[in-house]
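Everything below concerns the one structure shown next.
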Amino acid sequence: MISIKQVTKSFGGHQVLTDVSLEVPKSSVIAVIGPSGAGKSTLIRTINALEPIDTGEITVDGISIHDKKTDINKARLNIGFVFQSFNLYPFLTALQNVTMAPMKVKKMSKEAAEKRGKELLTSLGLDDKFDAYPNRLSGGQQQRVAIARALAMDPQVMLFDEPTSALDPEMVTEVLDAIRKLAQDGMTMVVVTHEMGFAKEICDEIVFMADGKIVEQAPPSKFFTNPDSERAKNFLSKVLNH
Amino acid sequence: MGGYQYNWSIISDNIDVFIYGALKTLEISALALLFAIPIGIIVGMGRISRNKFIRLVASIYVEVMRGVPLLVLLIWIYFVLGQFIKLGAYWGSVLGLAVFTGAFIAEIVRAGIQGVATGQMEAARSAGMSHTQAMRHIILPQAFRRVLPPLASQFIMLIKDSSLISVISATELTLDAKNLVVNTFKPLEVWTFVAVVYFVMTFSLSLIIRYFEKRLLSREN
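Chain order of the listed sequences is A and B.
The opening residue of the first sequence carries number 1 in our numbering; numbering runs sequentially from there.
The opening residue of the second sequence carries number 243 in our numbering; numbering runs sequentially from there.
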């Protein structure tokens with residue numbers, strides 16, 4: 001579903017992605033983990049072209065994302081993106097946040113968009129928050145609205161860039177539950193995360209990055225018990241033993 | 243100086259002149275504003291365009307308009323541009339005030355747009371919106387809320403700036419007051435009352451904008 005081939009990217013002389021290749025089959029869930037500065041966020045942001053790449057190719061459902069001939073706005077309809085800091089539209093209610101793009105981009109009628117929006121918000125446990133503005137919602141609620149907003153476009157792929165990193169600890173579970181449910185429904189997902197327990201439990205593959213490279217890729221059962229690389233062993237000893 | 247003899251009845255005797263002048267001032271300011279706002283939005287967005295040439299043109303416009311005294315601008319428009327296009331004092335004044343105020347509004351708009359977090363644009367683009375759609379539906383509504391207070395100041399400045407159009411003989415409060423001074427030799431009463439009338443106009447505008455600002459923001463906070 002997502003195919004990343006030999007992607008390279010640098011920011012002002014600093015190489016942030018070096019020869020990164022990754023295949024994400026349909027309905028699989030991939031966790032991207034690693035120390036900060038490893039290029040995890042940059043990588044996931046290249047998948048929907050929020051970041052340009054220097055060389056290489058990324059295709060999603062067969063469409064080459066960084067090809068100049070590709071209509072990126074159309075390609076992005078297929079790719080939901082959830083940000084670390086939610087990025088909800090603060091001047092719109094939860095429901096309006098969800099219905100905006102379906103109405104403006106997909107030209108859905110207001111009724112249809114609201115019906116779908118309410119379904120999504122309800123399925124994420126926000127049935128009493130339709131008319132709440134973002135600053136009246138907790139972090140966990142805001143992130144669930146952001147997930148509903150992304151799902152409202154009916155994407156085939158969902159990308160999560162550290163979806164729980166900005167949350168208070170007691171709100172992490174509700175957001176992870178929402179992602180878990182999507183995984184059970186067969187959504188293809190890439191999740192940049194620091195939640196090792198979560199990655200272990202629901203992900204099919206763990207991608208470990210360091211210094212702009214994919215150092216190791218393995219199923220969680222192998223990665224968390226017997227990683228090949230020293231970098232991964234080192235990293236796991238730091239994040240698991242505390 | 244044998245002491246100035248105040249005669250405030252000059253004001254009440256000529257109140258119709260003040261009212262007429264004030265209405266003209268409001269009319270010309272409102273018309274100028276009507277043109278200045280679109281100029282300001284277009285030039286303000288031009289200042290942050292991805293196109294270098296558009297950025298340059300917008301910057302030159304803003305810097306020239308901010309650098310030239312309004313008085314000189316009005317004289318140019320009336321006497322120089324007036325040789326080619328028959329604008330007259332009225333429309334010449336509206337044009338001068340509009341292009342002048344437009345440059346200041348442009349800077350307010352630019353700052354307003356740049357003040358909206360980049361994550362907002364990213365969220366909108368991620369959902370498949372084009373740059374233009376994201377600007378229109380997500381960025382500008384937020385920028386608008388941020389710029390209301392500085393815009394209010396600019397609108398008030400416009401009303402006061404409009405007093406300068408008396409130099410090209412456009413009829414409004416200041417010109418009417420000048421004529422009244424010539425006829426009555428009572429400058430202190432007339433000009434003091436002129437100040438009062440300007441204050442009433444600007445303060446009322448201030449209150450109206452504050453009301454809208456409150457109404458707009460109350461729901462979201």
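Heads up, the beta-carbon is just placed ideally off N, CA and C, and yes, glycines get one too.
Buried or exposed by the 16-neighbour rule on C-beta atoms within 10 Å, applied to residue i
| i | result |
| --- | --- |
| Gly370/B | buried |
| Glu170/A | exposed |
| Ser411/B | exposed |
| Arg308/B | exposed |
| Gly62/A | exposed |
| Gly344/B | buried |
| Gly37/A | exposed |
| Thr360/B | exposed |
| Asp258/B | exposed |
| Ala300/B | buried |
| Tyr133/A | buried |
| Asp161/A | buried |
| Arg452/B | exposed |
| Ile261/B | exposed |
Residue i versus residue j - alpha carbon distance
| i | j | result |
| --- | --- | --- |
| Gly330/B | Tyr320/B | 7 Å |
| Gly34/A | Ser221/A | 17 Å |
| Val449/B | Ile270/B | Checking the sequence shown, residue 449/B turns out to be Leu, not Val. Distance between the alpha carbons of Leu449/B and Ile270/B: 20 Å. |
| Glu195/A | Lys104/A | 35 Å |
| Ala94/A | Pro102/A | 14 Å |
| Gly80/A | Leu182/A | 12 Å |
| Ser404/B | Asn293/B | 34 Å |
| Arg387/B | Leu458/B | 8 Å |
| Ala152/A | Arg231/A | 39 Å |
| Val285/B | Glu364/B | 23 Å |
| Ile252/B | Asn425/B | 11 Å |
| Asp127/A | Thr164/A | 21 Å |
| Gln96/A | Lys69/A | 32 Å |
| Asn421/B | Ala278/B | 29 Å |
| Ile58/A | Ile317/B | 60 Å |
| Pro227/A | Gln217/A | 9 Å |
| Tyr246/B | Phe427/B | 11 Å |
| Glu51/A | Leu240/A | 31 Å |
| Asp493/B | Leu88/A | Chain B is shown only over 243 to 463; residue 493/B falls outside these bounds and no answer can be derived. |
| Val442/B | Lys402/B | 12 Å |
| Val432/B | Tyr303/B | 37 Å |
Element boundaries [beta strand (DSSP E), containing residue i]
| i | result |
| --- | --- |
| His14/A | His14 to Val24 |
| Gln247/B | Gln247/B -> no beta strand (DSSP E), and no H or E assigned at all. |
| Leu159/A | Val157 to Asp161 |
| Gly56/A | Thr55 to Val60 |
| Ile4/A | Ile2 to Phe11 |
| Val215/A | Lys213 to Ala218 |
| Ile206/A | Glu205 to Ala210 |
| Ile33/A | Val29 to Ile33 |
Limits of the alpha helix (DSSP H) - the one that residue i falls within
| i | result |
| --- | --- |
| Lys238/A | Glu230 to Leu240 |
| Phe454/B | Pro429 to Ser460 |
| Thr413/B | Unbroken run through Thr413/B: none, as it is neither H nor E. |
| Thr374/B | His373 to Ala376 |
| Thr188/A | Unbroken run through Thr188/A is the beta strand (DSSP E), Thr188 to Val192; no alpha helix (DSSP H). |
| Ile140/A | Strictly speaking, residue 140/A in this sequence is Gly, with Ile absent from that position. Where Gly140/A is concerned, the enclosing alpha helix (DSSP H) stretches over Gly139 to Leu151. |
| Lys115/A | Lys110 to Ser123 |
| Ala314/B | Residue identity differs from the one stated: residue 314/B is Val in this sequence, not Ala. Where Val314/B is concerned, the enclosing alpha helix (DSSP H) stretches over Leu312 to Ile317. |
| Ile245/A | Coverage of chain A is limited to positions 1 through 242, which leaves residue 245/A absent and any answer about it impossible. |
| Val299/B | Lys294 to Gly309 |
| Arg387/B | Leu382 to Asp403 |
Cβ-Cβ separation, residue j to residue i (assumed contact under 8 Å), whole Å
| i | j | result |
| --- | --- | --- |
| Lys118/A | Ile53/A | Between Ile53/A and Lys118/A the Cβ distance is about 38 Å, and since that is not below 8 Å, they are no contact. |
| Ala166/A | Leu124/A | In fact, because the Cβ distance is near 18 Å, the residues do not count as touching under 8 Å. |
| Asp204/A | Ile47/A | 17 Å between Cβ atoms; not a contact. |
| Glu174/A | Gly140/A | 5 Å |
| Phe83/A | Ala146/A | 7 Å |
| Ile355/B | Ile290/B | 6 Å |
| Glu414/B | Lys266/B | 4 Å |
Output, in sequence order along the chain, the residues in the segment 99–119 of chain A whose CB is closer than 7 Å to any CB in chain B.
Met100, Ala101, Lys104 and Val105
With 8 Å as the C-beta to C-beta threshold (strictly closer), list the residues of the segment 188–219 of chain A near chain B in chain order.
none
Name, going along the chain, the residues of the segment 80–93 of chain A whose beta-carbon falls closer than 7 Å to a beta-carbon of chain B.
Phe81, Phe83, Ser85, Asn87, Tyr89, Pro90 and Phe91
Proximal residues, the segment 386–398 of chain B versus chain A, C-beta separation under 7 Å
Arg387
Within 8 Å of chain A by C-beta, residues of the segment 359–387 of chain B in sequence order
Ala359, Gly361, Gln362, Glu364, Ala365, Ala366, Arg367, Ser368, Ala369, Gly370, Met371, Ser372, Gln375, His379, Ile380, Pro383, Gln384 and Arg387
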